[in-house]
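The structure under discussion appears below in the form of structure tokens.
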Amino acid sequence: MAGPDAVLSVSIGPRHARFLIDAGLSSGAPFVVTVPLTTHLRGQLAAFEAAAGLLEGRTLPAAHARAVGREGRLHLRALQALDAMQAGASHRDLAIALFGSRAVRADWHADGALRAQVRYLIARAEGFMRGGYLGLAGLRPVHARAHGGDLSP
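Numbering-wise, the numbering used here puts 111 at position 106 of the sequence shown, and it's gapless, one number per residue.
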């Protein structure tokens, strides 16, 4: 191993861990783990326990699937809307992709709810593009607007 430290990367399924280990560390020798002190420290406890288990030879715990809620679906559809608009799709094409051609044939009107929902998703996506994604990532406080929680800065 080059230099005093070696990098150990472990991937098990979708989970990934990365360690910087002193090359002189022998099997069974005690070691010290440093953890950055952040406001998210308590929430990271499970990840630290999993990392300690890896160093002890255990496998990572299985990731738990969780149901996608309303906000998750809104984020996904907004990002799909952004991709579609940047690819030059019409609002109607976007509605067909998101809600199906049957729903569009039945409910696509000039002042209809389906058309309003597509406009809302596009506005939400543009808010993400103008920096609203930083609030989702926890890098900036989220400021909700009056119309349904637009995440624009």
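The beta-carbon is built from N, C-alpha and C at its ideal position, and this holds for glycine as well.
Values in this document were obtained by computation on a predicted structure and should not be read as measured data.
Pull up the CB-CB distance for residue i and residue j, whole angstroms please, since I reckon it's below 8 Å.
i: Ala86; j: Ala130; result: 5 Å
i: Arg124; j: Trp113; result: Actually they are not in contact, since the Cβ atoms of Arg124 and Trp113 sit about 12 Å apart, beyond 8 Å.
Is the CB-CB distance between residue i and residue j below 9 Å?
i: Ala94; j: Ala102; result: yes
i: Leu79; j: Leu144; result: no
i: Ala115; j: Leu99; result: no
i: Phe36; j: Leu59; result: no
By the 10 Å Cβ neighbour count, where 16 or more other Cβ atoms means buried, how is residue i classified, buried or exposed?
i: Gly29; result: exposed
i: Gly136; result: exposed
i: Phe133; result: buried
i: Val73; result: exposed
For residue i, which residues of its own chain have a beta-carbon under 7 Å away from its beta-carbon, when the five flanking residues on both sides are left out?
i: Tyr138; result: none
i: Gly154; result: Caution is warranted here: a pLDDT of 49 is assigned to Gly154, below 50, making its placement in the model unreliable, and the coordinate value is therefore given only provisionally. Answer for Gly154: no residue qualifies.
i: Ala108; result: Leu119
i: Arg174; result: The first residue shown for the chain is 6 and the last is 158, placing residue 174 beyond what the model contains.
Once you ignore the five residues that flank residue i on each side, which residues in its own chain have a CB closer than 8 Å to its CB?
i: Thr44; result: none
i: Arg110; result: none
i: Arg71; result: none
i: Leu81; result: Val73
i: Gly33; result: none
Determine, for residue i, whether the minimum Cβ-Cβ distance to residues of chain B falls below 9 Å.
i: Glu54; result: The chain inventory of the structure shown lacks chain B, comprising one protein chain alone.
Discussion item. Quick check for students: name the residue ranges of the alpha helix (DSSP H) that lie wholly in the region 27-114, counting only runs of 4 or more.
Written reply: Contiguous alpha helix (DSSP H) elements confined to the region 27-114 occur at 50-60, 75-91, 96-104 and 106-112, taking only those with 4 or more residues.
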